[in-house]
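Using numbering that gives the first Met the number 0, the letters of the sequence shown map in sequence onto residues 0 to 444.
Yeah, the Cβ is synthetic: ideal placement off N, Cα and C, and Gly gets one too.
To start, the structure itself, in structure tokens.
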Amino acid sequence: MPRAPGLPWLGSMVDIARKTNYVGMTELVRCYGAPLAVHFGKIVVVPTVRPEHAQHILVESRGAYQKLNEIDGLRLLVGQGLFSSEGETWTSQRRLMQPHFTPKAVQRYVEDMRGAVEQMLQRWSGQTEVEALFESMRMAMDVIGRTMFGVPEIGDAGPIGRAIGTALELASRRLFELFTPPLWIPTPQNRRFTAAKKEVDAFIYDLIGKRRDGASGSEQRDLLDVLIAASDDESGRRMSDEQLRDEVMTVFIAGHETTAVSLTWALALLARHPQVMARLQAEVDALDHDLPGLEDIPKLPYTRQVIDETLRLYPAVWAIPRTAARDDVLGGYPIAKGSIITVMVHELHRQPDVWPDPNRFDPDRFAPGAAQARQKTAYMPFGAGHRICIGIHFALLELVVALAAVVRRYSWRLLTPEVPSVGVSTLRPARPVRIALEPRRAAAR
Ligand code: HEM
0 MPRAPGLPWL GSMVDIARKT NYVGMTELVR CYGAPLAVHF GKIVVVPTVR
50 PEHAQHILVE SRGAYQKLNE IDGLRLLVGQ GLFSSEGETW TSQRRLMQPH
100 FTPKAVQRYV EDMRGAVEQM LQRWSGQTEV EALFESMRMA MDVIGRTMFG
150 VPEIGDAGPI GRAIGTALEL ASRRLFELFT PPLWIPTPQN RRFTAAKKEV
200 DAFIYDLIGK RRDGASGSEQ RDLLDVLIAA SDDESGRRMS DEQLRDEVMT
250 VFIAGHETTA VSLTWALALL ARHPQVMARL QAEVDALDHD LPGLEDIPKL
300 PYTRQVIDET LRLYPAVWAI PRTAARDDVL GGYPIAKGSI ITVMVHELHR
350 QPDVWPDPNR FDPDRFAPGA AQARQKTAYM PFGAGHRICI GIHFALLELV
400 VALAAVVRRY SWRLLTPEVP SVGVSTLRPA RPVRIALEPR RAAAR
């Protein structure tokens, strides 16, 4: 397999550390092609950009490739939740949670989503400009706060919103730093993380305790109630408090930033493509409501196409890494056990043989029937195989409701001329996305 250039023993470590993982890996792949062996001391990372390799790793070779042990930073926060666990723990938790994330099951959260979107639009009223990522983050956090805990505006809920933000930021930092001191060393960063995590844990355990006390026979109001009541069809097992805590944190973390950055990219792309914005507005203007409800979703196919194309160009999860649990062969090259294979989703979505003129924003790539001509893993913003995102239908519902509501009420232009992307925990805009709002109509309903 071609090998990326680097220093003796250190390999590409210094280069990547200087440029960030995202920029460094993307540059290497663009320069030398993929798969490519990138050495970090003893660790070999193999980035790949081909749909057939993603199919092999994520779909066909169950068991041969596993979640990384290196996601320790995140594990400190989400414990053995669905995102980070493996084996029997994962299988039984996924079985327990899956029925509550089907297209039908997530419909129960549409009113919470509408409430959070309405709250955002109320904040915008009278404003001439807003920062799109900040607003989207607040809205998406609000959606999770409402659907998960029944707490409106958790982003503003004082200490707990701030503690979650701090814990998440520090956990993500640990994920991307080459050398992280273990948590028992009282560095200022470790102390802040431990304090924030303690606060978040106390909040969640307190909620679980209160809900358990009052749960018997009461209606299920939010996702926490649903998860407390969820039982495995086969064994009748229910989740322990620790499992509930881990899953609550997992859904909170996996479910808000991903959706928020996706909405932000959609707003940025639409500002640069007025014809697409006009077509979208024509579709949304035909609805009877300012805030779309469930009955409106089937009437918004172009809105969904815009979201699909946004997720192609800017997949929030820009890379999906796995560790090879045994020796294997990928695209004719040997893969040694312990190597880290990374599906570079952002690059995979821009392969010119699959996506002609790949950098062009064209929602018609997702017109009805178009996907049939493509290999499934040519488009995988939600991953693929058994570890595919459990929140797909939740995220898509939220994005359609939010985008349609914004488009109905406003036109906007970008005040930031260039919006480069940067892959940290998600693929974010590298600088603030300031947009100038032009109201289109007063709120009807
Ligand atoms: C646009 C929004 C979203 C994107 C792009 C996204 C993307 C992804 C991707 C690519 C994975 C697979 C990661 C891997 O294979 O290593 C994943 C997993 C996951 N996502 Fe999402 N996600 C989104 C929204 C959500 C939401 C709203 C929730 C919850 C409400 C959620 C919960 C999860 C969980 C729990 C997992 C782990 C699933 C498992 O391993 O069984 N995600 N997501």
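Item	Value
Continuous alpha helix (DSSP H) stretch holding Leu279: start and end	273 to 284
Close-in-space but distant-in-sequence residues of the same chain around Pro102 (CB under 6 Å, 5 per side omitted)	His392
Under the three-state DSSP convention, the category Phe39 falls into	strand
Ile387 burial status per 10 Å Cβ neighbour count (16 or more: buried)	exposed
Inter-residue Cα distance where the pair is Leu95 and Asp212	21 Å
Proximity test, Ile340 beta-carbon vs the ligand HEM heavy atom, cut-off 8 Å	no
Spatial distance of Val283 from Pro50 (CA atoms)	34 Å
Check: Gly382 C-beta below 8 Å from any heavy atom of the ligand HEM	yes
Bridge partners - Thr47, DSSP secondary structure assignment	Val342
Integer-rounded CB distance, given that Val305 should sit under 8 Å from Leu426	Leu426 to Val305, Cβ: 17 Å. No contact.
Inter-residue Cα distance where the pair is Val116 and Ile143	12 Å
Assumed close pair Pro380, Val344 - CB separation to whole angstroms, cut-off 8 Å	7 Å
Continuous alpha helix (DSSP H) stretch holding Ile227: start and end	222 to 228
Cβ neighbour criterion (16 or more within 10 Å) applied to Gln92	buried
Closest residue to Asp326 among Ile339, Ser83, Ala401 (Cα-Cα distance)	Ile339
With 16 other Cβ atoms within 10 Å as the buried cut-off, status of Gly422	buried
Closer than 8 Å: Ile203 CB and nearest the ligand HEM heavy atom	no
Environment of Gly390 [buried if 16+ CB atoms lie within 10 Å]	buried
Own chain partners of Gln97 with C-beta closer than 7 Å, once the 5 adjacent residues on each side are dropped	Ile389
Endpoints, the alpha helix (DSSP H) within which Gly114 is located	109 to 123
Buried/exposed call for Asp111, threshold 16 Cβ in 10 Å	buried
Cβ contact (3+ pairs, closer than 8 Å) linking the stretch 301 to 318 and the stretch 267 to 284	yes
Contact test: Ser135 Cβ vs the ligand HEM heavy atom, cutoff 8 Å	no
9 Å Cβ cutoff met for Val342 and Ile334	no
Test item: CB-CB of Ala3 and Val37 under 9 Å	yes
Environment of Lys196 [buried if 16+ CB atoms lie within 10 Å]	buried
Met248 versus Ser135: straight-line alpha-carbon distance, rounded	20 Å
Three-way DSSP call (helix, strand, coil) for Leu299 in this model	coil
Three-state secondary structure assigned by DSSP to Leu436	strand
The ligand HEM heavy atom lying under 8 Å from the CB of Ile391	yes
As assigned by DSSP and simplified to three states, the class of Gly144	helix
Pairwise C-alpha distance: Phe148 and Asp221	6 Å
Three-state class that DSSP yields for Ser215 in the structure shown	Its pLDDT being 49, under 50, Ser215 is placed unreliably by the model, and the measurement read from it follows with that caveat. The answer is coil: DSSP assigns Ser215 none of H, G, I, E or B.
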